[in-house]
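A.B. asks: I'd like to ask you about the structure that follows.
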Amino acid sequence: MYIDIHVHTRLRPGPPRRGRDESYASPEQLIEMYDEVGIEKAVILPGCNPECSHHVQGVAEVFEIVERYPGRFIPFCNIDPRQVSNSSDADLGYLMEYYKGQGCLGIGEVCANLYFDDPMVENLFRHAEKAGMIITFHVATQVGGTYGLVDDLNMPRFEKMLQKFPDLKFLCHSQAWWAEISGDVTEESRGGYPKGPVVEGGRVVELMRRYPNLYGDLSAGSGHNAVSRDPDFGYAFLTEFQDRLCFGTDVCAPSNRNDVLIYLKNFLEKSLADGKISQAVFDKVARENAITLLNL
Ligand SMILES: [Zn+2]
28 MYIDIHVHTR
38 LRPGPPRRGR
48 DESYASPEQL
58 IEMYDEVGIE
68 KAVILPGCNP
78 ECSHHVQGVA
88 EVFEIVERYP
98 GRFIPFCNID
108 PRQVSNSSDA
118 DLGYLMEYYK
128 GQGCLGIGEV
138 CANLYFDDPM
148 VENLFRHAEK
158 AGMIITFHVA
168 TQVGGTYGLV
178 DDLNMPRFEK
188 MLQKFPDLKF
198 LCHSQAWWAE
208 ISGDVTEESR
218 GGYPKGPVVE
228 GGRVVELMRR
238 YPNLYGDLSA
248 GSGHNAVSRD
258 PDFGYAFLTE
268 FQDRLCFGTD
278 VCAPSNRNDV
288 LIYLKNFLEK
298 SLADGKISQA
308 VFDKVARENA
318 ITLLNL
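Listed below in structure tokens is the structure:
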């Protein structure tokens, strides 16, 4: 059985998503997909940042879903760094304590399109560290025209945050993060799904070795690409960081049953069957790390 560290769902799906002909998956559709592939439960990441969500979601909706389907979903809250007063001294702590009291186990997916070292983002990190809440975020390559916390090539701003907040657990996700797994990533390739052999010197590996508070969210095409583009590298990476990598899907819509729902699962199961990763590595990535990380 798997635990999905990263999913999105809406009780009332709303209009079709950006440039597609479908909206979000409902919890019922998600549970049907999960039962088919053996996913026991999932972390719901509310879509509250206007840059990302065409149909902005409140945390209250997530609580309703969690209550309606006992045992299947884990709530995260999502706190925008600009919330409360659009300033770097906003008291985001009281929000975090409130949501923690309601059962939220983390914050995210942070998609605000601000620099990692923007004072308001630092303020979010500072309060999250104090509240003992893990943060899931999306990384963007630019300001404007996209969503996610922004960094430059090789993630220098994020590294400053890792140093500044050693007790905050960062759960890293998205194309701009996972493309950094290879040392030959460029300004052109870092926003996508670069293929081919992983070259030594990638920042993902370097930062994961250096900072024990850094975790990898393997959801979506980007997480799957990072471990499968160069399978021998992928097996070694999964094995080296077996205690800090989590299975995830990032399913948003019903059609994701044909791609992100099964991509990583199939890769992990084949790696195990072929003897390329151990049963222990498989179990940790599939579910045990999520249990430890979230104290389930
Ligand atoms: Zn997501």
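Quick note: the sequence shown, position 292, residue 319 per our numbering, numbers continuous. Here a beta-carbon is modelled for each residue, glycine too, at the ideal position from N, C-alpha and C. Quick caveat, the model's predicted, so the values are computed rather than measured.
Does DSSP classify glutamate 49 as helix, strand or coil?
C.D. replies: Here residue 49 refers to the residue found at position 22 when the sequence shown is read from its first residue. The answer is coil: DSSP assigns glutamate 49 none of H, G, I, E or B.
A.B. asks: Check whether the Cβ atoms of proline 73 and asparagine 105 lie closer than 8 angstroms to each other.
C.D. replies: Residue numbering aside, residue 73 sits at position 46 when the sequence shown is read from its first letter. Residue numbering aside, residue 105 sits at position 78 when the sequence shown is read from its first letter. Taking 8 angstroms as the Cβ cut-off, proline 73 and asparagine 105 qualify as a contacting pair.
A.B. asks: Going by DSSP, what residues sit across from threonine 163 in a beta bridge?
C.D. replies: For the purposes of this step, residue 163 is taken as the residue at position 136 of the sequence shown. Bridge partners of threonine 163: Leu198.
A.B. asks: Classify threonine 276 as buried or exposed, calling it buried when 16 or more other Cβ atoms lie within 10 Å of its own Cβ.
C.D. replies: Position 249 of the sequence shown, counting from 1, holds the residue named residue 276. Burial call: buried.
A.B. asks: Going by C-alpha to C-alpha distance, which of Gly218, Gly171 and Ala155 sits closest to methionine 182?
C.D. replies: Locating residue 182 in the sequence shown gives position 155, where the first residue counts as 1. With distances taken between Cα atoms, methionine 182 lies closest to Gly218.
A.B. asks: Would you call the segment 307 to 315 and the segment 78 to 87 touching, i.e. three or more CB-CB distances under 8 angstroms?
C.D. replies: No, the segment 307 to 315 is not in contact with the segment 78 to 87.
A.B. asks: What's the call for asparagine 322, buried or exposed, on a 16-neighbour Cβ count within 10 Å?
C.D. replies: As a first step, residue 322 must be located in the sequence shown, where it is residue number 295. The residue is exposed, with fewer than 16 neighbouring Cβ atoms inside 10 Å.
A.B. asks: Relative to the C-alpha of glycine 228, which residue among Ser209, Glu215 and Tyr242 is closest?
C.D. replies: Residue mapping note: residue 228 aligns to position 201 of the sequence shown, counting from 1. Glycine 228 has its Cα closest to that of Ser209, out of Ser209, Glu215 and Tyr242.
A.B. asks: Got a sec? Which residues, its chain only, sit under 6 angstroms from alanine 253 by beta carbon, not counting five neighbours each side?
C.D. replies: As a working note, residue 253 is residue 226 in the sequence shown. So the qualifying residues of the chain are Trp205 and Ile208.
A.B. asks: Opposite tyrosine 242 in the DSSP bridges: which residues?
C.D. replies: Counted from its first residue, the sequence shown places residue 242 at position 215. Paired residue(s): Leu198.
A.B. asks: Considering only residues of the same chain and omitting the five flanking positions on each side of asparagine 113, which have a CB-CB separation below 7 angstroms?
C.D. replies: The residue given as residue 113 occupies position 86 in the sequence shown. Cβ neighbours of asparagine 113 beyond the five flanking positions: none.
A.B. asks: Can you determine whether any heavy atom of ligand 1 sits closer than 7 angstroms to the C-beta of aspartate 48, and answer yes or no?
C.D. replies: Here residue 48 refers to the residue found at position 21 of the sequence shown. Every heavy atom of ligand 1 is 7 angstroms or more from the Cβ of aspartate 48, so no.
A.B. asks: Which residue from Ala52, Leu132 and Leu141 puts its Cα closest to that of proline 40?
C.D. replies: Residue numbering aside, residue 40 sits at position 13 when the sequence shown is read from its first letter. Considering only alpha carbons, the answer is Ala52.
A.B. asks: With DSSP run on the structure shown, which of helix, strand or coil describes proline 102?
C.D. replies: In the sequence shown, residue 102 corresponds to position 75, counting from 1. Correct three-state label for proline 102: strand.
A.B. asks: Grab me the residues of methionine 235's own chain with a C-beta within less than 6 angstroms of its C-beta, minus the 5 sequence neighbours each way, in chain order.
C.D. replies: Residue 235 sits at position 208 when you count from the first residue of the sequence shown. The residues are Leu241 and Phe268.
A.B. asks: Evaluate contact between the segment 58 to 77 and the segment 111 to 125, counting only Cβ atoms and requiring at least three cross-stretch pairs below 8 angstroms.
C.D. replies: As far as the Cβ criterion goes, the segment 58 to 77 does not touch the segment 111 to 125, which means the pair count is below three.
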